[in-house]
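*Asks:* Protein chains in written order, with UniProt numbering: chain S, 1 to 247; chain C, 1 to 247; chain Z, 1 to 247; chain W, 1 to 247.
Protein chains: 4
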Amino acid sequence: MAVGVLGARGKVGSEVCRAVAAAPDLRLVAEVDQGDDPRVLVESGAQVVVHFTHPDVVMDHLALCVEHGIHAVVGTTGFDDSRLETLRDQLGDAPRSGILIAPNFSIGAVLMMRFAALAAPHFESVEVIELHHPDKADAPSGTARRTAELVAAARRTAGVAAAPDATSTVLDGARGADVDGVPVHSVRVRGLVAHQEVVLGGPGETLTIRHDSLDRSSFSPGVLAAVRAIGDHPGLTVGLEHLIDLG
Amino acid sequence: MAVGVLGARGKVGSEVCRAVAAAPDLRLVAEVDQGDDPRVLVESGAQVVVHFTHPDVVMDHLALCVEHGIHAVVGTTGFDDSRLETLRDQLGDAPRSGILIAPNFSIGAVLMMRFAALAAPHFESVEVIELHHPDKADAPSGTARRTAELVAAARRTAGVAAAPDATSTVLDGARGADVDGVPVHSVRVRGLVAHQEVVLGGPGETLTIRHDSLDRSSFSPGVLAAVRAIGDHPGLTVGLEHLIDLG
Amino acid sequence: MAVGVLGARGKVGSEVCRAVAAAPDLRLVAEVDQGDDPRVLVESGAQVVVHFTHPDVVMDHLALCVEHGIHAVVGTTGFDDSRLETLRDQLGDAPRSGILIAPNFSIGAVLMMRFAALAAPHFESVEVIELHHPDKADAPSGTARRTAELVAAARRTAGVAAAPDATSTVLDGARGADVDGVPVHSVRVRGLVAHQEVVLGGPGETLTIRHDSLDRSSFSPGVLAAVRAIGDHPGLTVGLEHLIDLG
Amino acid sequence: MAVGVLGARGKVGSEVCRAVAAAPDLRLVAEVDQGDDPRVLVESGAQVVVHFTHPDVVMDHLALCVEHGIHAVVGTTGFDDSRLETLRDQLGDAPRSGILIAPNFSIGAVLMMRFAALAAPHFESVEVIELHHPDKADAPSGTARRTAELVAAARRTAGVAAAPDATSTVLDGARGADVDGVPVHSVRVRGLVAHQEVVLGGPGETLTIRHDSLDRSSFSPGVLAAVRAIGDHPGLTVGLEHLIDLG
Numbered sequence: 001m002a003v004g005v006l007g008a009r010g011k012v013g014s015e016v017c018r019a020v021a022a023a024p025d026l027r028l029v030a031e032v033d034q035g036d037d038p039r040v041l042v043e044s045g046a047q048v049v050v051h052f053t054h055p056d057v058v059m060d061h062l063a064l065c066v067e068h069g070i071h072a073v074v075g076t077t078g079f080d081d082s083r084l085e086t087l088r089d090q091l092g093d094a095p096r097s098g099i100l101i102a103p104n105f106s107i108g109a110v111l112m113m114r115f116a117a118l119a120a121p122h123f124e125s126v127e128v129i130e131l132h133h134p135d136k137a138d139a140p141s142g143t144a145r146r147t148a149e150l151v152a153a154a155r156r157t158a159g160v161a162a163a164p165d166a167t168s169t170v171l172d173g174a175r176g177a178d179v180d181g182v183p184v185h186s187v188r189v190r191g192l193v194a195h196q197e198v199v200l201g202g203p204g205e206t207l208t209i210r211h212d213s214l215d216r217s218s219f220s221p222g223v224l225a226a227v228r229a230i231g232d233h234p235g236l237t238v239g240l241e242h243l244i245d246l247g
Numbered sequence: 001m002a003v004g005v006l007g008a009r010g011k012v013g014s015e016v017c018r019a020v021a022a023a024p025d026l027r028l029v030a031e032v033d034q035g036d037d038p039r040v041l042v043e044s045g046a047q048v049v050v051h052f053t054h055p056d057v058v059m060d061h062l063a064l065c066v067e068h069g070i071h072a073v074v075g076t077t078g079f080d081d082s083r084l085e086t087l088r089d090q091l092g093d094a095p096r097s098g099i100l101i102a103p104n105f106s107i108g109a110v111l112m113m114r115f116a117a118l119a120a121p122h123f124e125s126v127e128v129i130e131l132h133h134p135d136k137a138d139a140p141s142g143t144a145r146r147t148a149e150l151v152a153a154a155r156r157t158a159g160v161a162a163a164p165d166a167t168s169t170v171l172d173g174a175r176g177a178d179v180d181g182v183p184v185h186s187v188r189v190r191g192l193v194a195h196q197e198v199v200l201g202g203p204g205e206t207l208t209i210r211h212d213s214l215d216r217s218s219f220s221p222g223v224l225a226a227v228r229a230i231g232d233h234p235g236l237t238v239g240l241e242h243l244i245d246l247g
Numbered sequence: 001m002a003v004g005v006l007g008a009r010g011k012v013g014s015e016v017c018r019a020v021a022a023a024p025d026l027r028l029v030a031e032v033d034q035g036d037d038p039r040v041l042v043e044s045g046a047q048v049v050v051h052f053t054h055p056d057v058v059m060d061h062l063a064l065c066v067e068h069g070i071h072a073v074v075g076t077t078g079f080d081d082s083r084l085e086t087l088r089d090q091l092g093d094a095p096r097s098g099i100l101i102a103p104n105f106s107i108g109a110v111l112m113m114r115f116a117a118l119a120a121p122h123f124e125s126v127e128v129i130e131l132h133h134p135d136k137a138d139a140p141s142g143t144a145r146r147t148a149e150l151v152a153a154a155r156r157t158a159g160v161a162a163a164p165d166a167t168s169t170v171l172d173g174a175r176g177a178d179v180d181g182v183p184v185h186s187v188r189v190r191g192l193v194a195h196q197e198v199v200l201g202g203p204g205e206t207l208t209i210r211h212d213s214l215d216r217s218s219f220s221p222g223v224l225a226a227v228r229a230i231g232d233h234p235g236l237t238v239g240l241e242h243l244i245d246l247g
Numbered sequence: 001m002a003v004g005v006l007g008a009r010g011k012v013g014s015e016v017c018r019a020v021a022a023a024p025d026l027r028l029v030a031e032v033d034q035g036d037d038p039r040v041l042v043e044s045g046a047q048v049v050v051h052f053t054h055p056d057v058v059m060d061h062l063a064l065c066v067e068h069g070i071h072a073v074v075g076t077t078g079f080d081d082s083r084l085e086t087l088r089d090q091l092g093d094a095p096r097s098g099i100l101i102a103p104n105f106s107i108g109a110v111l112m113m114r115f116a117a118l119a120a121p122h123f124e125s126v127e128v129i130e131l132h133h134p135d136k137a138d139a140p141s142g143t144a145r146r147t148a149e150l151v152a153a154a155r156r157t158a159g160v161a162a163a164p165d166a167t168s169t170v171l172d173g174a175r176g177a178d179v180d181g182v183p184v185h186s187v188r189v190r191g192l193v194a195h196q197e198v199v200l201g202g203p204g205e206t207l208t209i210r211h212d213s214l215d216r217s218s219f220s221p222g223v224l225a226a227v228r229a230i231g232d233h234p235g236l237t238v239g240l241e242h243l244i245d246l247g
């Protein structure tokens, strides 16, 4: 399979180039970045293009891909409802093309969220602890918020009661942030990278799902899995979990 | 729903009685143990009977249940292929009756095994660490062996390569026991009860699924879930995971 | 060594009786509780008496012990400065008698706090996560507060700068409670008992000290260690850590 | 304080240069590597020299340092008893000079080993789990072996009985490697870097000391602490733990 990379000289993009080049079933046919002519992608014969670029340019690049029947795997951010609608319109005229928009290509993070949502209705209690380096600006992390929202939705659908909590004497902040009724705790310690634990519990037992992300290379296997699968998923897909086989 | 318990004065059975009595949607109508007449179950109007009894008596009790159209949820051990075949025969004449045979009623343990098998094909490496009190006779635990077998089967089906391991200088035993190609490590420390971690990893990230079982009451929610579900699962079911909704 | 137990029929006291009776180097010579005459302790020849009693009676019992040259190991709560002063006065007239007042007899908890304080000046960051069952009334736990105070004091003494934290967008409560500048996070999940983690970190590494307390028997080894050591520690001692050899 | 670095262009050495340059109380006065004249160190006025060099050259460099009254902090490997004896002889003629030879400059690793040894006599059981990337050649790791040896020695000195273990049915390797009677388990999973847990337990409780080392920069704080302390420790010191204040 012939693969092109857009944003090929960026931090993530260059890692993706390395991973594509190393995969025996993939061929890296184009590395394009700012200043290069994106039509190189078409001429190179790329069947799938990976986008790790800027929100300002990604829509033009995607239009070019759809026009030439090239599938797209997109890690660029900034897709709001209006942009997604535009893409759906374009794909309406190209029913065999596939576009994946994914906020997170870490397979571990995707599985953590999926398993947390599957398990959540089966336990009385669930809380999220996320642990990051102290240079991070937001608390909780986006992944922790998303996890808590998925967990809360799964429990709502299943009609599970609120988690028990007899706390009556509390020091402000001790019980964490409330995200849709799920407590989320944000730890910031030098030496950490990006980690998250979902702790679920019922009478006499707990189940803990933990994800540790130690470096940027963790995105590569998810990108490669998406590259391999996108041809079988025409239309617009949002979220890597829809392309990975979760049984 | 009317529920009877066989083995009602045993350690697990008495815990089950307590849980059934406390559940607003269940009615505990019969508590039967050694020395009692099991036909009390029939007279009590039980719709489901929970069996935590001895292998010597369980087949007679199950025949009685099937004969009277009572569903059965069974934690008694000792079911080999021949016994399962006998049960299937009996159920052939009672197509609306359900029997669940489950080696483990902990929902946490069931989910841990299920998630480990789902995740296993997506990572390069996977190992199992189980940690128990030092009075345990077998190493690895039955749950750890079963987990490793499920993980190995999932990877075989998906065509995943063996996990990398460059170990060339090794002290005997350091790399654990080999269960179908999956390393399993058994820790025995006073103060522990029953714990297991499945560690999966790929480039730059790891996913860890941990189950901690702290006391016997952890079996109750699984038994109750099975009691509620068995009526919708006629025939013979082996393993609680087939009655729990895992998405 | 001859040992008596006061509060012998209480939850903790009866556990202590069992542990003393099982120790080859100790003899359980008196088990006293409400309604019994405490002078039995003197007549029994007890050299050390363990007190797990009520604050209303403990001062009278201690006066009796000091008067008869019996050492005391005390888990009863409610000792304020005025009570401690009274004990010091009494012991002034009995220079060979020892009294230990300890809020916590878990050796694991004592070591966790000690190690956290020793390590704290060597790392940029330190946070405390405590995890308990959801029936607990206070958050953070007393042990977590005490740990944070010890950690903060050790860092102050060593002149360590405040831990870095670039958080600028925060959901209320996400960063935990502030105890003397140390963030403390309280997790409440069914199935947990009493657990605490102290996470310390510097460039490229973290050190985590975790204590899991699963049942009441965790107090026994600390009580026995105190019984054996108190004879060599005349006067008033507050805190088990002063009787345990920490190198 | 004026500091020189030998091996300044190596992986670790260049990291040390960066850290020294960034420390407000230290001045980086010389960066020396292969091909440079080491006498630059003397001319630069360095009071302390950090050595991350090759075993073939380190003895000459140390002789030069001692001769000119420069203290040395040494991460170079390959010091056997005969080399240490030579250094002691040289230092005999320079009673105010200090040399530190340290196999590990990670403060977290040093504290983990120290705390494990301090805690070991207070618990019935202790085991070591080390987890590394799968490209590692030896199992167990050197740090895990050293930890187990220190733990075993501390228990021997205190007269602690062997840890209980009722295992009677065992799959080969499940209980780990035996290092001086301490079970050591080696996990090898892609995505891990270098991690170790020491699990200690007694009735009803466990204490876990975990060290996670995520990148090479973890060595810098230990090197800087040694640079600051070596002037107050004349003579030969082996092991960073002797220069760090552990209370």
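Glycine included, C-beta positions come from ideal geometry on N, C-alpha and C.
None of these values were measured; they are calculated from a predicted model.
Please confirm if Ser14/C has its CB atom under 9 Å from at least one CB of chain S.
*Replies:* No, Ser14/C lies away from the interface with chain S (no Cβ there is under 9 Å from its Cβ).
*Asks:* Of all the CB atoms in chain C, is at least one closer than 9 Å to the CB of Ala154/W?
*Replies:* By this cut-off, Ala154/W is not an interface position.
*Asks:* State the DSSP-derived secondary structure class of Thr169/C, mapped to helix, strand or coil.
*Replies:* Thr169/C: strand per DSSP, three-state reduction.
*Asks:* Can you check whether the C-beta of residue 262/S is within less than 9 Å of a C-beta belonging to chain Z?
*Replies:* There is simply no residue 262/S to check, as chain S begins at 1 and stops at 247 in what is shown.
*Asks:* So Glu205/C contacts chain W; which residues on that side make the cut at Cβ distance below 8 Å?
*Replies:* Here the neighbours are Gly191.
*Asks:* By the three-class DSSP mapping on this structure, what secondary structure does Ser106/Z have?
*Replies:* It is coil, neither helix nor strand.
*Asks:* Whose C-beta lies closer than 8 Å to the C-beta of Met113/S among residues of the same chain, with five residues either side of it excluded?
*Replies:* If we look at Met113/S and ignore the five residues flanking it on each side, its Cβ neighbours are Thr143, Arg146, Thr147, Leu150 and Glu241.
*Asks:* Counting only C-beta atoms, is Leu214/S closer than 9 Å to chain W at any point?
*Replies:* Chain W, which has a Cβ nearer than 9 Å to the Cβ of Leu214/S, makes this yes.
*Asks:* To which residues of the same chain is Asp232/S closer than 7 Å at the C-beta, ignoring the five residues directly before and after it?
*Replies:* Here the set comprises nothing.
*Asks:* Could you tell me how far apart the beta carbons of Gly7/C and Asp33/C are, in whole angstroms, since I believe they sit closer than 8 Å?
*Replies:* Yes, they are in contact, since the Cβ atoms of Gly7/C and Asp33/C sit about 6 Å apart, within 8 Å.
*Asks:* Where does the unbroken alpha helix (DSSP H) through Arg146/W begin, and where does it stop?
*Replies:* It spans Gly142 to Ala158 - the alpha helix (DSSP H) in which Arg146/W sits, taken as one unbroken run.
*Asks:* Determine the contact status of Thr208/W and Ile129/Z, defining contact as a CB-CB distance below 9 Å.
*Replies:* No, Cβ-Cβ distance for Thr208/W and Ile129/Z is not below 9 Å.
*Asks:* Would you decide whether Pro134/S is buried or exposed? Buried here means 16 or more other CB atoms lie within 10 Å of its CB.
*Replies:* Classification for Pro134/S: buried.
*Asks:* Please classify Gly69/C as buried or exposed, where buried requires at least 16 neighbouring CB atoms within 10 angstroms.
*Replies:* Result: exposed.
*Asks:* Using a beta-carbon distance below 9 Å, is Ser218/C in contact with chain Z?
*Replies:* Yes, Ser218/C counts as interfacial toward chain Z.
*Asks:* For the beta strand (DSSP E) containing Val193/C, name the first residue and the last one.
*Replies:* Looking at the DSSP string, Val193/C is not in any beta strand (DSSP E), and its letter there is neither H nor E.
*Asks:* Alpha carbon to alpha carbon, how far is Asn104/W from Ala72/W?
*Replies:* So the alpha carbons of these two residues sit roughly 15 Å apart.
*Asks:* Keeping to the same chain, check which residues put their C-beta closer than 6 Å to that of Val184/Z; ignore five residues upstream and five downstream.
*Replies:* Around Val184/Z: Val128, Pro140, Ala144, Ala148, Gly176 and Ala177.
*Asks:* Taking Cβ to Cβ, would you say Ala109/S is nearer than 9 Å to Glu67/C?
*Replies:* Against a cut-off of 9 Å, the Cβ pair of Glu67/C and Ala109/S comes out as no contact.
*Asks:* Residues of chain W with CB closer than 9 Å to the CB of Ile244/Z, please, in chain order.
*Replies:* Under the 9 Å cutoff, chain W gives His122.
*Asks:* Check for me: the alpha helix (DSSP H) holding Asp81/C runs from which residue to which?
*Replies:* Per DSSP, Asp81/C belongs to the alpha helix (DSSP H) from Asp81 to Gly92.
*Asks:* Where Val57/Z and Leu87/Z are concerned, what is the direct C-alpha to C-alpha distance, given to the nearest angstrom?
*Replies:* So the alpha carbons of these two residues sit roughly 14 Å apart.
*Asks:* Closest Cβ-Cβ distance between His132/S and chain C: below 9 Å?
*Replies:* It does not; no Cβ of chain C falls within 9 Å.
*Asks:* Am I right that Pro55/Z and Gly78/Z are in contact with their C-beta atoms under 8 Å? What's the rounded C-beta distance?
*Replies:* Confirmed, about 3 Å.
*Asks:* Shorter than 9 Å from the beta carbon of Phe79/Z to some beta carbon of chain W?
*Replies:* Chain W contact via Cβ: absent.
*Asks:* Bridge partners for Ala139/Z per DSSP, in chain order?
*Replies:* DSSP, once it has assigned bridges, lists Val170/S as partnering Ala139/Z.
*Asks:* Using the DSSP secondary-structure output, state which residues sit across from Gly13/Z in a beta bridge.
*Replies:* According to DSSP, Gly13/Z bridges with nothing at all.
*Asks:* Return yes when the Cβ of Val198/Z is within less than 9 Å of the Cβ of Phe115/Z, no when it is not.
*Replies:* Yes, they are a contact pair.
*Asks:* Could you have a look at Pro121/Z and say whether DSSP puts it in helix, strand or coil?
*Replies:* Three-state result, Pro121/Z: helix.
*Asks:* At 9 Å on the CB atoms, spell out the chain C contacts of Arg188/W, in chain order.
*Replies:* Ordered by position in chain C, the residues that pass the 9 Å Cβ test against Arg188/W are Ser125, Glu127, Ala163, Pro164, Asp165, Ala166, Thr167, Arg175 and Pro183.
*Asks:* Which residues, taken in chain order from the region 83 to 111 of chain W, show a beta carbon closer than 7 Å to some beta carbon of chain Z?
*Replies:* From the region 83 to 111 of chain W, only Ser106, Ile107, Gly108 and Leu111 have a Cβ closer than 7 Å to chain Z.
*Asks:* Sort out for me which residues DSSP pairs Asp178/S with in a bridge.
*Replies:* Per DSSP, Pro183/S.
*Asks:* Going along chain A in order, which residues have a C-beta closer than 7 Å to the C-beta of Phe115/W?
*Replies:* The structure shown contains no chain A; the protein chains it does contain are S, C, Z and W.
*Asks:* Apart from the five residues on each side of it in sequence, which residues of its chain come closer than 8 Å, Cβ to Cβ, to Lys136/C?
*Replies:* For Lys136/C, where only same-chain residues beyond five positions count, the Cβ hits under 8 Å are Arg188.
*Asks:* Where Pro95/Z and Gly201/W are concerned, what is the direct C-alpha to C-alpha distance, given to the nearest angstrom?
*Replies:* Near 36 Å, if we compare the C-alpha coordinates of Gly201/W and Pro95/Z.
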